[in-house]
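Numbering (UniProt numbering), first residue to last: 1 to 564. Each residue gets a CB set at the ideal place from its N, CA and C atoms; glycine is no exception. On a predicted model such as this, the values are computed, not experimentally measured, just so you know. See structure below.
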Amino acid sequence: MRWTLKPKPDQENVIKLSEELGVGKPIASLLVQRGIRTFEEAKKFFRPSLKDLHDPYLMQDMDLAVARIEKAIASEENILVYGDYDVDGTTSVALMSSFLRSYSPFVATYIPDRYDEGYGVSYKGIDFAADNDISLIIALDCGIKAVEKVAYAREKGIDFIICDHHRPGSEIPAAVAVLDPKREDCNYPYKELCGCGVGFKLIQALAANRDLKLENLLPYLDLVATAIGADIVPITGENRILAYHGLHVINVAPRMGFKAILKQLKKDTITITDVVFILAPRINAAGRMKHGLHAVNLLTEEDEETAIKFASEIEEYNTDRRDTDKTITEEALAQIEASQEQDRNTTVVYDENWHKGVIGIVASRLTETYYRPTLVFTKSGEKLAASARSVKGFDVYDALESCKEHIEQFGGHKYAAGLTLLASEYENFKLKFEEVVSETIDKNLLTPEIAIDAELDLKDITPKFYRILKQFAPCGPGNMSPVFMTQNLRDTGYGKCVGADQSHLKCQVKQEGDSPVFNVIGFGLGNKFDIIARNRAFKAVYSIDENQYNGNVSLQLRLKDISE
């Protein structure tokens, strides 16, 4: 692991903020690092307010989108809410369809089949709309590159409204309205919304048009928070406000579908981490293993018994998904070794029998073993489809752009993308991708980095310090959970390896002098036991959390790495 200590923020700002807020320098320092320098900015950070959401009409084409939807409702037109099959897409469809059904009974939903239609807007979906006398399609979390498909829909008398957050291509589709903060001609102040976030801005504009208060939209924010967590967008600005209030809804008044999933959890408070690792994989499992509409049905269901039934089915899909991705990951790792590709700068693997629904997860798993840009391919109809994952600091989307002569189509983000190509181009693409990455990547990025916020002494870790630290949540990209380093630690003599395979490290540490003692757990760090043995001094990188045992709650250090 590569340890990187963030630069110390300007000490004048730290002292000033420390005095204004009445907090210690370590907390003030963390805030200044996050761009917070005044009492007012700190208040907005710790108490995110819906009042600070931007006016949705600042987004390019918002007025056109609202006018077209209002016309469709007034004229009793059939409306199709169309979205991708992942968490961002299915939550977007659940949000938009349930809002519109409050005003019109003529609203249908459509999620493309991952295997039959692939990602994004499909001709089959447009034909479905034409066959069912649908005159308006609202596409969410997709559509920004669907130039030919939107033109095809127009020929059939179908209008499109696109709500997307992916990077546009060179041409914007000729839709009635294209809402995407990443459009070059869009001056919307916040560019990092997820697809469901863009959908929320549209219902916010529709609500304003109907003189509804923002508070009326609170019940939809559990969906937005889930999409924010699952899509790994920055939890800054508007996303922080939406995630903060959405998590409150999940904890206080979750929709039936979430309630059914969370029923088995014995947790007092659901965090963004729970959303990412418990809610999101289950919603995703429907589109991966069966069909994304199962997720939409769960998320829009209002009857408790039916929701429990849907959640039980989705739990089965998730179990199947886990078994499948484990098997494929093992096969992919074996393929890398058999091809003697352990020392390359990229991972590109392919098997025609791999399940298309889990190749994205497998790509993520492979980056845990070989920390480098990774693509996992499988057969999809007559072509090959792949999921790409990157490492921190490297833009895989740009790398794919440099390989586009071998690609049929691609789309995505800096760290995750999808693409299709002809089978005859696979080897050419594999060579080109390795060449592009080798020439452009900073070799340091091929070693996992631990970004450390600050060096800390154990005496600084007090209950008050931790109480304030908890209020940094929700944490995620752009506002990661604080990570600390402490030097001159010694085990008090209780250090040992634990776990069925002795792979975890457990100890109790203190510093020189009158230092408090803290329990420490290091998952997967059992192989570093020698570093702490025989009363040796060592340094550690860790986060702080609470340990609950036999009804007692105490602060503990959760190790990320240790070193002599």
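Exposure of residue i, with buried meaning 16 or more beta-carbon neighbours within 10 Å
i: Ala423; result: exposed
i: Phe277; result: exposed
i: Leu30; result: buried
i: Gly174; result: Reading off the sequence, residue 174 comes out as Ala, not Gly. Ala174 should be labelled exposed.
i: Asp84; result: buried
i: Gly237; result: buried
i: Gly118; result: buried
i: Gln342; result: exposed
i: Tyr466; result: exposed
i: Thr440; result: exposed
i: Arg288; result: buried
i: Met1; result: exposed
i: Val553; result: exposed
i: Glu434; result: buried
i: Asp222; result: buried
i: Asn318; result: buried
Distance between residue j and residue i (C-alpha atoms, nearest Å)
i: Leu140; j: Pro48; result: 26 angstroms
i: Asp442; j: Ile235; result: 26 angstroms
i: Phe106; j: Asp131; result: 15 angstroms
i: Leu419; j: Arg282; result: 24 angstroms
i: Gln409; j: Leu421; result: 7 angstroms
i: Asp325; j: Val358; result: 6 angstroms
i: Gln471; j: Arg210; result: 35 angstroms
i: residue 567; j: Tyr542; result: With the chain represented from 1 up to 564, any question about residue 567 goes unanswered, as that position is not in the structure.
i: Lys403; j: Asn547; result: Correcting the residue identity first, residue 403 is Cys in this sequence and not Lys. Going by the C-alpha atoms only, they are around 48 angstroms apart.
i: Thr327; j: His355; result: 10 angstroms
i: Ser122; j: His413; result: 20 angstroms
i: Gly476; j: Asp351; result: 34 angstroms
i: Gly195; j: Glu12; result: 40 angstroms
i: Tyr152; j: Tyr415; result: 31 angstroms
i: Ala253; j: Ile544; result: 29 angstroms
i: Val93; j: Glu337; result: 42 angstroms
i: Lys560; j: Cys507; result: 14 angstroms
i: Ala74; j: Ala129; result: 19 angstroms
i: Phe310; j: Val32; result: 46 angstroms
i: Gly526; j: Leu333; result: 23 angstroms
i: Lys191; j: Gly199; result: 14 angstroms
i: Ile126; j: Ala386; result: 24 angstroms
i: Arg536; j: Tyr115; result: 56 angstroms
i: Lys34; j: Ile452; result: As written in the sequence, residue 34 is Arg, which differs from the Lys given in the question. Cα-Cα distance, rounded: 13 angstroms.
i: Lys266; j: Tyr549; result: 14 angstroms
i: Val396; j: Ser390; result: 6 angstroms
i: Gly157; j: Leu80; result: 14 angstroms
i: Asn353; j: Ser380; result: 10 angstroms
Candidates the options: closest to residue i by CA position
i: Asn479; options: Val396, Lys182 and Asn239; result: Asn239
i: Thr486; options: Lys510, Glu455, Ser170 and Cys475; result: Glu455
i: Arg534; options: Lys496, Tyr188 and Tyr152; result: Lys496
i: Arg322; options: Ala208, Ala285 and Ile336; result: Ala285
i: Gly493; options: Leu469, Trp3, Phe518 and Asp514; result: Phe518
i: Asp55; options: Arg37, Leu202 and Glu155; result: Leu202
i: Ile261; options: His406, Lys267 and Leu279; result: Leu279
i: Val224; options: Asp88, Thr346 and Ser102; result: Asp88
i: Glu301; options: Arg101, Ile361 and Leu489; result: Arg101
i: Lys25; options: Asp491, Asp457, Ile361 and Asp501; result: Asp457
i: Ser98; options: Arg255, Lys528 and Val233; result: Arg255
i: Gly246; options: His294, Lys263, Pro189 and Ile270; result: Ile270
i: Leu218; options: Ala243, Gly229 and Ile232; result: Ala243
i: Thr4; options: Ser554, Val553 and Ala540; result: Ala540
i: Arg344; options: Thr319, Ile137 and Leu446; result: Leu446
i: Asp530; options: Glu330, Asn187, His504 and Leu333; result: His504
i: Val147; options: His165, Glu171 and Asp164; result: Glu171
i: Arg183; options: Gly143, Leu221 and Phe160; result: Gly143
i: Leu431; options: Met62, Lys383 and Glu405; result: Glu405
i: Val349; options: Leu293, Glu368, Thr374 and Tyr57; result: Thr374
i: Ala417; options: Glu316, Ser438 and Phe394; result: Phe394
i: Val483; options: Pro189, Ile461 and Asp501; result: Ile461
DSSP beta-bridge partners of residue i
i: Val349; result: Val376
i: Ile479; result: At residue 479 the sequence reads Asn, which differs from the Ile that was named. Bridge partners of Asn479: Gly476.
i: Thr486; result: Ala540
i: Val276; result: Val276 pairs with nothing; no bridge assigned.
i: Gln409; result: Thr420
i: Lys510; result: Arg490
Cβ-Cβ separation, residue j to residue i (assumed contact under 8 angstroms), whole Å
i: Asn78; j: Ile162; result: About 18 angstroms separates the two Cβ atoms, so there is no contact after all.
i: Tyr82; j: Tyr110; result: 5 angstroms
i: Ile562; j: Lys528; result: 5 angstroms
i: Ile69; j: Leu206; result: 6 angstroms
i: Ala411; j: Lys145; result: First, the amino acid is wrong: residue 411 is Gly here, not Ala. So it is a contact: roughly 6 angstroms between Cβ atoms.
i: Leu293; j: Ala307; result: Not quite, the Cβ-Cβ distance comes to about 15 angstroms (not below 8 angstroms), so this is no contact.
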